[in-house]
Amino acid sequence: MNKALRLPTLLAVRIVRRVIPVRRRHKGPVDEAIAIEQAGADIVVAAGFEAGGHRGSFLGSADESLTGTFSLVPQIADAVSIPVAAAGGIADARGIVAAFDLGADGVQMGTAFLATEESSASALHRNALLSGNVRTALTKGFTGRLARGIKNRLMDAVNANEGSILPYPLQRALVRNLVVPAAKAERADLLQLWSGQNANLLKHRTVDALMHDLVVGVSAILVPRGK
Ligand SMILES: Cc1cc2nc3c(=O)[nH]c(=O)nc-3n(C[C@H](O)[C@H](O)[C@H](O)COP(=O)(O)O)c2cc1C
Numbered sequence: 052m053n054k055a056l057r058l059p060t061l062l063a064v065r066i067v068r069r070v071i072p073v074r075r076r077h078k079g080p081v082d083e084a085i086a087i088e089q090a091g092a093d094i095v096v097a098a099g100f101e102a103g104g105h106r107g108s109f110l111g112s113a114d115e116s117l118t119g120t121f122s123l124v125p126q127i128a129d130a131v132s133i134p135v136a137a138a139g140g141i142a143d144a145r146g147i148v149a150a151f152d153l154g155a156d157g158v159q160m161g162t163a164f165l166a167t168e169e170s171s172a173s174a175l176h177r178n179a180l181l182s183g184n185v186r187t188a189l190t191k192g193f194t195g196r197l198a199r200g201i202k203n204r205l206m207d208a209v210n211a212n213e214g215s216i217l218p219y220p221l222q223r224a225l226v227r228n229l230v231v232p233a234a235k236a237e238r239a240d241l242l243q244l245w246s247g248q249n250a251n252l253l254k255h256r257t258v259d260a261l262m263h264d265l266v267v268g269v270s271a272i273l274v275p276r277g278k
C-alpha cells in the first residue's frame, strides 16, 4: 500500500472499530478454568456437557459452553497448572481411568452418588436413576438455569413453552408448586429428576458398594499396566 494512504486507512479502521464495537470472543470453559486458577483456587473442576444438574458457566452463557468431557479435560489440563478434576459422564472404573488418561488428576462424580440411599434424593428419584432406561436432556424449565435431568412429562411440558420460562430463581419457585404435590402423589413423571448422561451405567444402591467397585475396578485396569 502507498505510504501516504497507510496512515489515513489505519485511522479510518480505528474510528470504525470505535463506532461499530467488534463482538468480543465468547469466553468458554477453558477461559473459566484459567480465571479460576488466576483467582488462587487450589483445584479446578472440568465439567462436561454430560454432567447432571446445573452448568457452572460464569464468564460465558451456559448454552454456548457445552463441551463434552472427552474434549474439555485435556484442553483444561493443558491450560492450567493446578490439579484438574474431571466431571460429567463418569460412572465406573473405566470412566475414571479414561479421565486420568486425558490428563485429569482426579474425578468428581455426581449422578452415581445421587442414586445411592445415602443421598438426599427421594426413593422415586433414585429408582428412576437405576431403572436402566434413562434418557436425559438439558432444560432451563426446571429452575430458569440450564441443567440436565431425566426427560419426562414435566420436562417435555416446560421445554415446549421455552419462551415463557422465567429467570432463575423464579422458574424454580414456580415449578416447586407442582413438584411438591407431585412428590406426595408419587408421580415421578412430574418431578424434576436431575441426572447425567451416565445413569444407565449405574448399578449400586449404597456408597459402600459403589466405592468398593470403583477401587477394585480401577486397580484391575491399572495394575496390568504396571501403574
Ligand atoms: C442434583 C445435582 C445438582 C447439581 N448442581 C450443580 C450446580 O448447581 N452447579 C454446578 O456447577 N454443578 C452442579 N452439578 C454438577 C456436579 O457438581 C457434578 O459436576 C456432576 O454431577 C458430575 O457429572 P455426573 O452427574 O455425570 O457424574 C449438580 C449435579 C447434580 C447431580
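Quick note: the sequence shown uses my numbering, first residue 52, plus one each step. Just so you know, even glycine gets a beta-carbon here, dropped at the ideal spot from N, CA and C. Note that the coordinates shown come from a computational prediction; the quantities given were computed from them, not determined experimentally.
CA-CA distance, residue i and residue j?
i	j	result
Leu241	Met206	8 Å
Asp259	Gly192	34 Å
Ala239	Asn212	20 Å
Met160	Gly214	32 Å
Asn275	Val269	One point to set straight first is that residue 275 is Pro, not Asn, in the sequence displayed. Straight-line Cα distance between these residues: approximately 11 Å.
Pro174	Ala163	In the sequence as presented, Pro is not what sits at residue 174; that position holds Ala. Each residue's Cα considered, the two are about 14 Å apart.
Leu181	Ile147	20 Å
Glu168	Leu261	11 Å
Ser112	Ala90	20 Å
Ser132	Glu237	47 Å
Ile94	Ser108	16 Å
Val73	Ser170	Interpretation of Val73 is limited by its pLDDT of 49, a score under 50 that renders its predicted location unreliable; no figure is taken from the coordinates.
Ile272	Ala128	22 Å
Is it buried or exposed, residue i, if we count other Cβ atoms within 10 angstroms and call 16 or more buried?
i	result
Leu110	exposed
Asn228	exposed
Gly140	buried
Ala172	buried
Ala150	buried
Do the CB positions of residue i and residue j come within less than 9 Å of each other?
i	j	result
Leu153	Gly103	no
Ala136	Gly157	yes
Ala84	Ala130	yes
Asp264	Asp143	yes
Pro80	Ala98	yes
Arg256	Arg177	yes
Gln243	Val226	yes
Go through its chain and collect everything with a Cβ distance to residue i's Cβ below 8 Å, but skip five positions before and after it.
i	result
Gly195	Ile216, Leu217, Pro218, Tyr219, Pro220, Leu221, Gln222 and Arg223
Val185	Ala179, Ile201, Ser246, Ala250 and Asn251
Thr187	Gly103, Arg199, Gly200, Ile201, Lys202, Ser246, Gly247, Gln248 and Ala250
Asn210	Ala188, Thr190 and Gly192
Pro134	Asp93, Ile94, Val95, Asp156 and Gly157
Leu253	Ala142, Thr162, Ala163, Ala166, Leu180 and Leu181
Residues in its own chain within less than 7 Å of residue i by CB, not counting five upstream and five downstream?
i	result
Asp114	Leu197
Leu117	Phe100
Val96	Ala136, Ala138 and Gln159
To which residues of the same chain is residue i closer than 6 Å at the C-beta, ignoring the five residues directly before and after it?
i	result
Ile87	Val95
Segment contact, 8 Å Cβ cut-off, at least three pairs: the region 117 to 124 with the region 222 to 242: no
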